[in-house]
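Enquirer: In this note's numbering, the protein residues as written are 399 to 495. From the three backbone atoms N, C-alpha and C, an ideal C-beta is built for every residue, glycine too. If you're wondering where the values come from, they're calculated on a predicted model, not measured in any experiment. Dumping the structure here so I can ask a few things about it.
Shown next, in the form of structure tokens:
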């Protein structure tokens with residue numbers, strides 16, 4: 399049972415850490431003003447780079463992060479079911495004595 403509890407605790411920490419990390423990911427919904435030296439991130443070349451390269455990559459990132467969060471949530475739910483089963487078995491073993 400201690401092993402199952404440890405797994406649940408580990409996954410809860412991972413979920414909190416991953417959620418906090420996701421909150422810190424910057425959005426690239428518009429060209430950033432804080433890239434490079436002051437004044438270097440301007441003009442049509444910067445706009446093209448943002449539109450053609452950065453924005454599409456940034457659109458994929460939230461989906462990937464959501465998928466990672468969901469995978470951890472699913473694994474946590476499984477670990478919690480395993481822990482409940484272990485507790486029920488331990489209770490049944492004590493009751494049978």
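#1: So residue 409 is in the alpha helix (DSSP H); what residue range does that whole segment cover?
#2: Please state whether the Cβ-Cβ distance between residue 406 and residue 452 is less than 8 Å.
#3: With a cut-off of 8 Å on the beta carbons, I'd call residue 417 and residue 467 a contact; round off their distance for me.
#4: Could you name the residues of the same chain whose beta carbon sits closer than 8 Å to that of residue 473, not counting the 5 residues immediately before and after it, in chain order?
#5: What separation, rounded to the nearest whole angstrom, lies between the Cα atoms of residue 450 and residue 412?
#6: So, residue 447 versus residue 423, is the Cβ gap smaller than 8 Å?
Expert: Once the coordinates are examined:
#1: For the purposes of this step, residue 409 is identified with residue 11 of the chain shown, where counting begins at 1. Element bounds for residue 409: 400-421.
#2: The sequence position of residue 406 within the chain shown is 8, counting from 1. The sequence position of residue 452 within the chain shown is 54, counting from 1. In this structure, residue 406 sits away from residue 452, with a CB-CB distance that is not shorter than 8 Å.
#3: Locating residue 417 in the chain shown gives position 19, counting from the first residue. Locating residue 467 in the chain shown gives position 69, counting from the first residue. That belief holds up - the Cβ atoms of residue 417 and residue 467 are roughly 7 Å apart, short of 8 Å.
#4: Start at 1 with the first residue of the chain shown, and residue 473 comes out as number 75. For residue 473, the CB contacts under 8 Å within the same chain, skipping 5 residues up- and downstream, are 409 in chain order.
#5: Residue numbering aside, residue 450 sits at position 52 when the chain shown is read from its first letter. Residue numbering aside, residue 412 sits at position 14 when the chain shown is read from its first letter. Near 34 Å, if we compare the C-alpha coordinates of residue 412 and residue 450.
#6: Here the question's residue 447 lines up with position 49 in the chain shown. Here the question's residue 423 lines up with position 25 in the chain shown. Taking 8 Å as the cut-off, the Cβ atoms of residue 447 and residue 423 do not count as close.
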